[in-house]
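Numbering (this note's numbering), first residue to last: 119 to 517.
So, in structure tokens, the structure goes:
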């Protein structure tokens, strides 16, 4: 892609903030059309679909945060001069063309585009049909901001395609797609992986675990797991599974405390065989598949586990590799857990809800990556570049 000066990019973002504020009523009205047409049975998706004044303020803040960050393009990663006289510099460079496929959340139309654009990438936005009216007006806002600064509107394009056309686009894109990010559930990820010819970076699947050690402060455990479960059930960083160490003092009564806490907060509980001995009236886990499942609902699994090593093994087998937490007063035990658990983010005495670009100090995020290449965790501005080697010679030839 043609490189744009940092000043020009920031001017586009300044324009965008003003446009979002000026057109906020139009944006909210367009969103109301989407909400009215949506089947509210999927509460998590409905929650993600809502755009109100607070959401528009959040969009403006996301643009501001990215504008305030340094331009990530052209930064020197490494420089060295060899004995041969070759002068070699490795610098950051734009990916080129990014595509993101996402469901429900219109704010992604802002966050994904602002990050891609500031990193000098073109982005194709494929939102879900449930947010079509919201996304159309947000694309209009982007195009207005680009035109105000004499830039082509094709830097940011919203794709109006059904599933069949999206499949064809992935197989035969009009230009090379350098990075494709499916941001959603298992079916979306599988669909993109099956049909894409470009590099796919997986994002969005949670199934997060919290382990309550025998050394836990139980009041801390309760506070953290309740926040992680009910603060935002539609978040990929929400909690799904709790493992309580069988060796914790007064195990039975502590399990009953958790039952009381979740029941009072209208969280449906599933239990394993060991916990069922303490809570015989509760529904048992129907099958092993439940351990792999991301709920995105007011539902949680309570299970028992025999020690830290067993907890680590179980989490690494079943979790989505997104976020995992340990509650313990033993710092050495926590360090071992955090080193051995294979998740993008690991927590000691803290809620998994912090796995978020803004909460982690990275600003807006394109997604939360659970892949290991090229980056794991929040995909912020600094992660939307690749690299390029600049090699300077004086007629050098290899002999």
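The beta carbon of each residue, even a glycine, is placed where N, CA and C say it ideally should be. No experiment lies behind these values; they were computed from the predicted model shown.
Check: Assigned secondary structure, residue 353 (DSSP; H/G/I helix, E/B strand, else coil); Outcome: coil
Check: Straight-line gap, residue 182 to residue 499 (C-alpha atoms, nearest Å); Outcome: 13 angstroms
Check: DSSP-derived helix/strand/coil call for residue 332; Outcome: coil
Check: Closest Cα partner of residue 399 within the set 380, 389 and 142; Outcome: 389
Check: CB of residue 255 within 7 angstroms of CB of residue 234, strictly; Outcome: no
Check: Beta-carbon proximity list for residue 336, same chain, < 7 angstroms, skipping 5 on both sides; Outcome: 372
Check: Segment contact flag, the region 200-212 with the region 252-267, C-beta cutoff 8 angstroms, min 3 pairs; Outcome: no
Check: Element boundaries [beta strand (DSSP E), containing residue 466]; Outcome: 463-466
Check: Beta-carbon contacts of residue 306 that lie in its chain and below 6 angstroms, excluding the five residues immediately before and after; Outcome: 300
Check: Helix, strand or coil at residue 509 [DSSP, three-state]; Outcome: strand
Check: 7 angstroms Cβ cutoff met for residue 195 and residue 135; Outcome: no
Check: At least 3 beta-carbon pairs within less than 8 angstroms: the region 376-394 vs the region 498-515; Outcome: no
Check: Status (buried if at least 16 other CB within 10 Å, exposed otherwise) for residue 238; Outcome: buried
Check: Opposing strand residues paired with residue 197 [DSSP bridges]; Outcome: 207
Check: Spatial distance of residue 457 from residue 515 (CA atoms); Outcome: 46 angstroms
Check: Contained beta strand (DSSP E) runs [length at least 3] in the region 351-427, N- to C-terminal order; Outcome: 357-363, 386-389 and 417-423
Check: Assigned secondary structure, residue 222 (DSSP; H/G/I helix, E/B strand, else coil); Outcome: coil
Check: Reduced DSSP category for residue 325 - H, G, I as helix; E, B as strand; rest coil; Outcome: coil
Check: Three-state secondary structure (DSSP) of residue 217; Outcome: strand
Check: Simplified DSSP state of residue 158, which is helix, strand or coil; Outcome: coil
Check: Residue 138 in three-state terms, based on DSSP; Outcome: helix
Check: Chain-order list of residues whose beta-carbon lies under 8 angstroms from that of residue 144 (same chain, five-residue window excluded); Outcome: 255
Check: Which listed residue (437, 415 and 226) has its alpha carbon closest to that of residue 242; Outcome: 226
Check: Simplified DSSP assignment, three categories, for residue 249; Outcome: helix
Check: Span separating the alpha-carbon of residue 326 from that of residue 435; Outcome: 12 angstroms
Check: Contacts around residue 272, its chain only, beta-carbon distance under 6 angstroms, and the 5 residues preceding and following it disregarded; Outcome: none
Check: First and last residue of the uninterrupted beta strand (DSSP E) at residue 298; Outcome: 297-301
Check: Pair within 7 angstroms by beta-carbon distance, residue 137 and residue 169; Outcome: no
Check: Distance, residue 396 Cα to residue 423 Cα; Outcome: 14 angstroms
Check: Start-to-end residues for the beta strand (DSSP E) that takes in residue 120; Outcome: That residue, residue 120, is in no beta strand (DSSP E); it is neither H nor E in DSSP.
Check: Rounded C-alpha distance that separates residue 417 from residue 358; Outcome: 7 angstroms
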